[in-house]
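Per the UniProt record's numbering, the very first residue in the sequence shown carries number 1; after that it's consecutive.
Since the structure comes first, as structure tokens, the remarks are kept for the end.
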Amino acid sequence: MSMQERRPTFFARYSLLVLMAVFFLVPFALRGARLSLERMKNDVKDWLPSDFSETKDLDWFRGHFLGEQFVLVSWEGCTAEDQRLQLLAKKLVPSAPTDGEKRFGANVAGHGDDFVGDRYGLYLTDNLYENWGGQDEKWFKGTGEKWYYLLPDGELRVWDGGSTMLGAMYRSGERLLTRKNKLSGEYAATVDTDYYKRPATLQAHLFKSVVTGPQVLAQLAEPGGSLLRDPENADLDDLTEANQIAHERLKGVLFGPDGKQTCLIATLSDAGKVDLRRTLGRGFMGRPLGRMRQLAIEAGITEDELRLGGPPVDNVAIDEEGEITLARLVSFAVLVGVGLSYLCLRSVKLTIMVFFVGGVSAITSMSLVYWLGSAPDAVLMSMPAVVYVLGLAGAIHIINYYKDAVEEDGIEGAPELAVAHGWYPCLIAALTTAVGLGSLATSNIAPIKKFGIFSALGVLATLALLFTYLPAALQQWPPKLKKSRDGSVQAKSPLSIWMENFSLRVADFIINRSTLVASACFLCFLVFGYGLTHIKTSVQLLKMFDANSEIIQDYAWLEEHIGKLVPMELVIRVEPQLMGTTGDEEEVVEATADDKFKYTFLERMEMAQRVQVAVEEVLGPQGRDLVGNGMSVATFAPVLPETGGTTRDFAIRGAYNRRLEAHREDFLKTDYLREEDGSGAELWRVSLRLGALQNIEYGRFVTDLREIAEPVIAAYRKRDEILRTIDKANDGKGFVTERVTILGPNYMAYDEQAAAKEAGEKIEYKLDPQKIFALTLRDLLVNARLSVNYFDPIGNTAHPEGNSQARLDALMKRDQYFVVVADSPKYDVAAIEAAGKTVIPATDYQYSPSAPQYAVTDADIPELTVVYTGVVPVVYKAARTLLSSLVESTLWAFGLIALVMAWVLKSVRAGIVSMLPNVFPVVLIFGFMGLAGIEVDIGTMMTASVAMGVAVDDTIHFLTWFRWGLDKGLNRREAIREAYRRCAVAMMQTTIIGGLGLAVFAVSSFTPTQRFGYLMVSLLAAALLGDLVFLPALLAGPLGSMFRPDKKSHMGHEEHASGDGTPPEGDDDGDEPSVIPVAIHRGENGHSENGHSGEGKQRTDSHYRSGHSG
């Protein structure tokens, strides 16, 4: 039949319309991707679910205190004499306007709590768009990407024109018709007209508070300072002493080791936290310089001089480094990929098509983040690369099917045939890969969950391009074909032919030595599987940066010249029923039954100080040097009185308490003391700083911290129990002057650290919970005016008789109450009780990791407790959750993919066997990381599911053609060779183009991107080994029998098979693969719907039997 009488194929009729639709939608994907990047946000707190106790505690802390989200600012030569310090402080938090400036009454915005700029998050862009609408208006941008305009009369309006592509097109048309822009908006507020003259003053305040080292020093040590015992009558000696104490307390916090280098600490407002790059950014990627840096330049501090540190700086650096790395390396990666693609495909047109599919798929995946209302983070920035590789793989498979069709039947109808024979394996591969990636959605870590969801959606979106754009493009712009010497069309490049021949040699080697190859692969499984048990995880933020990056250089300088920077917060929470007032003797006599057990303001301050001192002694500069000097309310108070139980001591402590309580409101303004909303509980904050560049194991650190702090709080609880026991025995008459014996080591009698120091030996500060508890309890009982004695079972040279039986007998005669701090054979507790004495056990003071962990918002939280919060516990929890998520998501991926494979292969056993090569790359690479001690961070965790998805893609293509060969009557050896012919070249091309293209990221200075780069290369190579070595070895061995078709189908083919097992010639019955239903049906007059005659169809079937390469 002539060509004119044939019905045109689908893509011959509609390819242009398909391409128009695709090109129309691409700009929407581009815009969505760009807007998505503008929303990027990284905050460790957001990584964990809101129902985790660590997240609840940090939210609660941020609701009461400002300082955890601090920014520390300094520079070389920043001293009290540097005028730039105070100038910058004033610029960061300008003083409020006078009442005279608020001329419009209540409706006029001021700089108070309801300041309009803060309410709407207003800020100026580089372009004011002044008079854009013809009303002399000035433009601001606000929260939620909304636009606001300010009119000359002070009226602020929200612009109702959408900043969307459709909105821009509509306004362009309107402007053409009316020759002007139409301005309309909803009323927001009325402000002073001065703001119109100086629009910069209407911007939201990005900083909530600012404090400088000299400012705090003055509050402590200058005339009238809080460290002076008698502020009104202080002389020069008093001022000098106070200055020395203040410098010692502030060293490592606000002053450097030399006592001169100082700094400024700013906290961010809510508006400042919305877009950290607008607040602190370095002005990359077309963004304006951050407000902090702008003001520093205005104050005379150059960008090279400025040093910034603190959690918000970490977060903005992650944002910027992720974007900068991608911007620098994406073009290079594309260039490498294009070169490799051309080398493999030998066609400029095909190379462009392949990269269009991969690139647009990647862009679409990122745009989905915006269109679905989410925001990207550092982890999600790796998603486009994953989708790009998977889109590339699908496109290469389709193109290889296209080449087969062209070589056999010519160009006409080739796109339809390529889709007909590729849609099923591509669809199943994409679905299975999406299932594997979607398993990451089970993670409790938000960035990993988002990565799983959006990468799965991105993979599914690639199918639309594979089955629409690619065949339409092949129809419109068919590649130029070469002819071989015999005149036939040759669509394959020389490299593809070499790959095909090489793969067949590999196939023969594996088939002939299947047992040996499979055994070697299983041995690798066992060895590297053992390595999986040694995997370590880490989510420390600063490990994400290269040693030469700006943030690492800043941190190194700041920690050398100022102090440590990573915040760890402890909050001692004291409920109102434990809070007493003054320590007057008269008031104690007249106190109610419960008042006598309550803690005075001084005693509550001592709680925080005791915790701080205990932590600093073990973990501070004089101990392990993991933390710097801490900060608490006691930092701002005069030196607290010594422990004492005499009448004089009691009077001194009472006077101190009255003075402190008189300044309680001042202490509440320090950000180290708060009253809890609702309950009225007092919150005593102890702020610690860890070394940012020290390799501190956060898990061990948090445990040590609890082992130090909990014995202090346990001593306070035990003090309460002891006093109540004595009071009850005295019929409510009190406990003053009662005699108590402590059974346990008398740490007051000997001090190992002091002895070592005196002997000139190295001092070792050991973590001794018993010592912390015993010394704290002794002080509390003495301050309660009890007479405290010791029976020390250890004994010491200073008191050799301290553990004699005679001393114990004397104490038994004299004292009624015995507190057991340590068990010992030196005394018989049962005998003491039998003698009528009251024994109070006090050995349950140690922190137990298995003890119930309270969130501060829990209803059953104890009356006196310590809340551990800040970045460190959240990061530690994230690290533990990361490991469990890795295991859980991998198991989910394995199970779900195995189910899909069992359904595809119609055999549960075959589905399980087919999973071995799929998990092979995960076991190989992650097992190696475990054996080599390489930590798995949040940037590499999700590559396990990615690797499984890539491996599944190739496995399905391979098994599809293997099963097709079996359905055709081939034996297993021939079916394996057939699968190699069909798939091996495409698999190798995908690995070369995708793997080496992504290898560019391995040279990144951003560690997550760097690790992602070399891990993806390694995993893609391992996946290729799994699918072209391990899988064929399994199929050629005994396990391969599981993949044989059912008996009826097989017997039907055997009737037509020749004696040597090869398929008979001219077998036209059931020519189409049973696993790949070819979507080409006979039309009228014996023609297929794509325009081919039956003869053409017969040639196609003959081609698929002949085993030409795909």
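Don't be surprised by glycine CBs; every beta carbon is placed ideally from N, CA and C.
A distance below 6 angstroms between beta-carbons, with the five flanking residues on each side excluded, links Gly290 to the following residues of its chain, in chain order: Thr279, Leu280 and Gly281. In its chain, beyond the 5 residues on either side, Leu202, Gln203 and Ala204 have a beta carbon closer than 6 angstroms to the beta carbon of Gly117.
Bounds of any beta strand (DSSP E) do not take in Asn918; it lies within the alpha helix (DSSP H) bounded by Val908 to Ala932.
Of all C-beta pairs linking the stretch 27-42 to the stretch 363-373, three or more are shorter than 8 angstroms, placing the two stretches in contact. Excluding sequence positions up to five before and after Gly310, its CB lies within less than 6 angstroms of the CB of Phe70, Val71 and Leu72, all in the same chain and listed in chain order. A contact between stretches requires three or more CB pairs, one per stretch, nearer than 8 angstroms, and the stretch 732-745 meets this requirement with the stretch 773-793. Within the same chain, Cβ atoms closer than 6 angstroms to the Cβ of Pro1032 are found at Ile510 and Ile976, the five residues on either side in sequence being excluded. With 16 or more other CB atoms across the displayed protein chains lying within 10 angstroms of its CB, Gly563 is buried.
Annotation: Asp809 to Val618 spans about 37 angstroms, alpha carbon to alpha carbon.
Taken in chain order, the complete alpha helix (DSSP H) segments of 4 or more residues contained in the stretch 379-434 are 383-409. Counting along the chain, the unbroken beta strand (DSSP E) around Tyr817 starts and ends at Tyr817 to Val820. Between Ala385 and Leu1020, the gap from beta carbon to beta carbon reaches 9 angstroms or more. For the set Val904, Cys983, Thr1009 and Val867, the Cα lying nearest the Cα of Leu58 is the one of Val867.
Contact between Val566 and Val872 holds, since their C-beta atoms are separated by about 7 angstroms, short of 8 angstroms.
Here Leu541 is not near Leu864, since their CB atoms are 9 angstroms or more apart. In this structure Tyr845 is buried. Its beta-carbon is surrounded by 16 or more other beta-carbon atoms within 10 angstroms. Positions of the alpha helix (DSSP H) runs, each at least 4 residues long and wholly inside the stretch 955-1023, are given as 972-979 and 985-990 in order along the chain. With a cutoff of 9 angstroms on beta-carbon distance, Leu883 and Thr537 are scored as near each other. Excluding sequence positions up to five before and after Cys78, its CB lies within less than 7 angstroms of the CB of Leu85, Gln261, Thr262 and Cys263, all in the same chain and listed in chain order. By the Cβ test, the stretch 911-926 is not in contact with the stretch 439-455, since fewer than three Cβ pairs between them sit closer than 8 angstroms. Between the alpha carbons of Phe1001 and Ala327 lies a gap of roughly 11 angstroms.
The beta carbon of Pro641 sits closer than 7 angstroms to those of Ile652, Arg653 and Tyr656, all from its chain and outside the five residues before and after it, given in chain order. The beta carbon of Val387 sits closer than 7 angstroms to the beta carbons of Ser361, Ala362, Ser365, Ser455, Gly458, Val459 and Thr462 from its chain, once the five residues preceding and following it are set aside; these are given in chain order.
Excluding sequence positions up to five before and after Ile265, its CB lies within less than 6 angstroms of the CB of Phe70, Leu72 and Val211, all in the same chain and listed in chain order. In the DSSP assignment, Val316 falls within the alpha helix (DSSP H) that extends over Pro311 to Leu345. Distance from the Cα of Phe545 is smallest, within the candidate group Thr515, Thr1009 and Leu690, for Thr1009. Counting only residues of its own chain and dropping the five nearest sequence neighbours on each side, Phe597 has a CB closer than 7 angstroms to the CB of Asp720, Leu723 and Arg724. Distance from Phe791 to Arg814 at the Cβ level is roughly 12 angstroms; contact not present, criterion being Cβ atoms closer than 8 angstroms.
Taking a 10 Å sphere around the C-beta of Asp953, we find 16 or more other C-beta atoms and assign the residue as buried.
Around the beta carbon of Asn803, a 10 Å sphere encloses 16 or more other beta carbons of the protein chains shown; the residue is thus reported as buried.
Between Cys426 and Ile453, the beta carbon gap of about 22 angstroms keeps them out of contact (Cβ cut-off 8 angstroms). Minimum Cα-Cα distance from Asp46 among the listed residues Val904, His957 and Lys877 corresponds to Lys877. Check the Cα spacing between Phe65 and each of Thr890, Leu673, Val904 and Tyr747: the tightest is with Leu673.
Spatial neighbours of Leu380 in its own chain (CB-CB distance under 6 angstroms, excluding positions within 5 residues in sequence) are listed in chain order as Lys450 and Phe451. Between Tyr827 and Pro769, the gap from beta carbon to beta carbon reaches 9 angstroms or more. Taking the CA atoms as reference points, Glu232 sits about 21 angstroms from Ala634.
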